[in-house]
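Visitor:
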Amino acid sequence: MSQTPVLDLRGIDKSFGPVRVLQQVDFTAYAGEVTALVGDNGAGKTTLVKCIGGIHPIDSGEYLFDGRPVRPGTPREAAALGIEVVHQDLALADNLDIVQNMFLGRERRRGLLLDEPAMEELARRTLAELSVRTIGSVRRKVSELSGGQRQTVAIARAVLWDSRVVVLDEPSAALGVAQTQQVLEIVRRLADQGLAVVLISHNMNDVFAVADRIAALYLGRTVAQVRAADVTHAQVVELITAGRSESLGITG
Ligand SMILES: Nc1ncnc2c1ncn2[C@@H]1O[C@H](COP(=O)(O)OP(=O)(O)OP(=O)(O)O)[C@@H](O)[C@H]1O
Ligand SMILES: [Mg+2]
Numbered sequence: 001m002s003q004t005p006v007l008d009l010r011g012i013d014k015s016f017g018p019v020r021v022l023q024q025v026d027f028t029a030y031a032g033e034v035t036a037l038v039g040d041n042g043a044g045k046t047t048l049v050k051c052i053g054g055i056h057p058i059d060s061g062e063y064l065f066d067g068r069p070v071r072p073g074t075p076r077e078a079a080a081l082g083i084e085v086v087h088q089d090l091a092l093a094d095n096l097d098i099v100q101n102m103f104l105g106r107e108r109r110r111g112l113l114l115d116e117p118a119m120e121e122l123a124r125r126t127l128a129e130l131s132v133r134t135i136g137s138v139r140r141k142v143s144e145l146s147g148g149q150r151q152t153v154a155i156a157r158a159v160l161w162d163s164r165v166v167v168l169d170e171p172s173a174a175l176g177v178a179q180t181q182q183v184l185e186i187v188r189r190l191a192d193q194g195l196a197v198v199l200i201s202h203n204m205n206d207v208f209a210v211a212d213r214i215a216a217l218y219l220g221r222t223v224a225q226v227r228a229a230d231v232t233h234a235q236v237v238e239l240i241t242a243g244r245s246e247s248l249g250i251t252g
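Everything in the sequence shown is counted per this note's numbering, starting at 1 for the first residue and increasing by one.
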């Protein structure tokens, strides 16, 4: 395919003090596809997505968005490009309701007042577009929601803004089987709607259920970027645990 990737990071380096966490990392993600980002604990996945999302500055390397060089320095700058990161801890405010959470820090106003009807309607419509039926009222407090429902609210918050890229850092880590299934369906649907979706997951079944591409990190380096259809579970596990795969001809 000669399609330009939405995200194209090349030779990214990132250190925290003396610790080199990312070394010469390459990462691409395409519109309409789910790209799984895999790697063992501490491989650098969260650090990479925080660089993508404008939370950590990159030390060096190229960051292209739609083929243009960018350098988002804050989450707001990343959001202006259409990049939204759903963090592992979700960062939802328990004491606020679903609408308030979805518009937190980006409230709609009419004059000096908050435009509650507009926000409520948009929240409801976004959840409906994600085919979320189990939540009930959008005025429920987030503290009353299950883990899967919270995850859904966090994802809905990310797709409210004409997003182009949505990154999900381990969305199913704390979820049961049925809720994981629901979240994976939403992930797939977002890609089918044309977003570039980046999914971090340790679960190979989840990865193979939804991913078009798989990018593997090993000790802060890119070891492979492959199409999911071209690799087996065992090969991906090998890449994650050993940073190489004999059968793929990747010698690390
Ligand atoms: N702010 C920081 N300061 C110093 N070191 C950090 C910081 N953030 C992450 N690291 C280190 O960078 C490395 C990569 O961490 P990161 O959180 O990116 O891994 P990960 O692949 O997301 O792992 P996990 O699967 O456990 O979430 C780890 O060794 C971690 O200790
Ligand atoms: Mg992580």
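Note that the Cβ used here is the ideal one computed from N, Cα and C, for glycine as well.
Please read these numbers as outputs of a predicted model, since none were measured by experiment.
Excluding sequence positions up to five away, which residues of its chain have a Cβ less than 8 Å from the Cβ of residue 241?
Guide: Numbered from 1 along the sequence shown, position 241 holds the residue referred to as residue 241. For residue 241, where only same-chain residues beyond five positions count, the Cβ hits under 8 Å are 40.
Visitor: Quick check on residue 227: does DSSP put it in helix, strand or coil?
Guide: One-based indexing of the sequence shown puts residue 227 at position 227. DSSP places residue 227 in strand when its eight states are reduced to three.
Visitor: Relative to the C-alpha of residue 51, which residue among 68, 83 and 123 is closest?
Guide: Taking the sequence shown and counting its residues from 1, the one referred to as residue 51 is at position 51. It is 83.
Visitor: Drop a sphere of 10 angstroms on the beta-carbon of residue 19, count the other beta-carbons inside from all chains shown, and report buried for 16 or more, exposed for fewer.
Guide: If you number the sequence shown from 1, residue 19 lands on position 19. Looking at its Cβ environment, which holds fewer than 16 other Cβ atoms inside 10 Å, residue 19 is exposed.
Visitor: Could you check if residue 104 is buried or exposed, using at least 16 other CB atoms within 10 Å of its CB as the buried criterion?
Guide: Taking the first residue of the sequence shown as position 1, residue 104 is located at position 104. The residue in question, residue 104, is exposed, as its Cβ has fewer than 16 Cβ neighbours within 10 Å.
Visitor: Could you say which of 22, 149 and 165 lies nearest to residue 59 if we only look at CA atoms?
Guide: By 1-based counting over the sequence shown, the position of residue 59 is 59. For the residues 22, 149 and 165, the minimum Cα distance to residue 59 belongs to 22.
Visitor: Would you say residue 108 and residue 119 are within 8 Å of each other, going by their C-beta atoms?
Guide: On the sequence shown, residue 108 is found 108 positions in, with the first residue counted as 1. On the sequence shown, residue 119 is found 119 positions in, with the first residue counted as 1. Yes; because the gap between Cβ atoms is below 8 Å, this pair is in contact.
Visitor: Say whether the region 31-39 touches the region 197-213, bearing in mind that this needs 3 or more beta-carbon pairs closer than 8 Å, one atom from each stretch.
Guide: At 8 Å Cβ cutoff, the stretches touch.
Visitor: By how many angstroms is the C-alpha of residue 6 removed from the C-alpha of residue 162?
Guide: As a working note, residue 162 is residue 162 in the sequence shown. As a working note, residue 6 is residue 6 in the sequence shown. About 14 Å.
Visitor: Would residue 216 and residue 239 be called neighbours here (beta carbons separated by less than 8 Å)?
Guide: In the sequence shown, residue 216 corresponds to position 216, counting from 1. In the sequence shown, residue 239 corresponds to position 239, counting from 1. Taking 8 Å as the Cβ cut-off, residue 216 and residue 239 qualify as a contacting pair.
Visitor: In the structure shown, what three-state DSSP assignment does residue 241 receive?
Guide: Taking the sequence shown and counting its residues from 1, the one referred to as residue 241 is at position 241. Three-state DSSP puts residue 241 in a helix.
Visitor: With the cut-off set at 8 Å, would you say residue 88 and residue 46 are in Cβ contact?
Guide: Taking the sequence shown and counting its residues from 1, the one referred to as residue 88 is at position 88. Taking the sequence shown and counting its residues from 1, the one referred to as residue 46 is at position 46. Yes, the Cβ-Cβ distance between residue 88 and residue 46 is below 8 Å.
Visitor: Kindly examine ligand 2 and report whether one of its heavy atoms sits closer than 7 Å to the Cβ of residue 46.
Guide: Working through the sequence shown from its first residue, we reach residue 46 at position 46. True, at least one ligand heavy atom lies under 7 Å from that Cβ.
Visitor: Could one say the Cβ of residue 250 lies closer than 8 Å to chain D's Cβ atoms, at least one of them?
Guide: Looking at the structure shown, chain D is missing, and only one protein chain is on hand.
Visitor: Would you call the region 115-132 and the region 65-84 in contact, with 3 or more CB pairs under 8 Å?
Guide: No contact exists between the region 115-132 and the region 65-84.
Visitor: Is the closest heavy atom of ligand 1 to the C-beta of residue 65 under 7 Å?
Guide: Locating residue 65 in the sequence shown gives position 65, where the first residue counts as 1. Result no, Cβ not under 7 Å from ligand 1.
Visitor: Quick one, are the C-beta atoms of residue 96 and residue 138 less than 8 Å apart?
Guide: Your numbering for residue 96 matches position 96 in the sequence shown. Your numbering for residue 138 matches position 138 in the sequence shown. Contact flag unset, no.
Visitor: Between which two residues does the beta strand (DSSP E) containing residue 14 stretch?
Guide: The sequence position of residue 14 within the sequence shown is 14, counting from 1. Taken as a continuous stretch (DSSP letters only), the beta strand (DSSP E) holding residue 14 covers 7-16.
Visitor: Can you determine whether any heavy atom of ligand 1 sits closer than 7 Å to the C-beta of residue 16, and answer yes or no?
Guide: Numbered from 1 along the sequence shown, position 16 holds the residue referred to as residue 16. Yes - ligand 1 has a heavy atom lying nearer than 7 Å to the Cβ of residue 16.
Visitor: Residues in the same chain with beta-carbon distance under 6 Å from residue 207, minus the five sequence neighbours each way, listed in chain order, please.
Guide: As a first step, residue 207 must be located in the sequence shown, where it is residue number 207. These residues qualify, in order along the chain: 36 and 201.
Visitor: Which runs of the beta strand (DSSP E) fall wholly inside the region 155-192 and span at least 3 residues, in chain order?
Guide: List check, beta strand (DSSP E) in window: 165-169.
Visitor: Quick check on residue 150: does DSSP put it in helix, strand or coil?
Guide: Residue 150 sits at position 150 when you count from the first residue of the sequence shown. In this structure, residue 150 counts as helix in the three-state DSSP scheme.
Visitor: Where do the ends of the beta strand (DSSP E) carrying residue 65 lie?
Guide: In the sequence shown, the residue the question calls residue 65 occupies position 65. Unbroken beta strand (DSSP E) run through residue 65: 60-65.
Visitor: Keeping to the same chain, check which residues put their C-beta closer than 6 Å to that of residue 248; ignore five residues upstream and five downstream.
Guide: Start at 1 with the first residue of the sequence shown, and residue 248 comes out as number 248. So the qualifying residues of the chain are 235.
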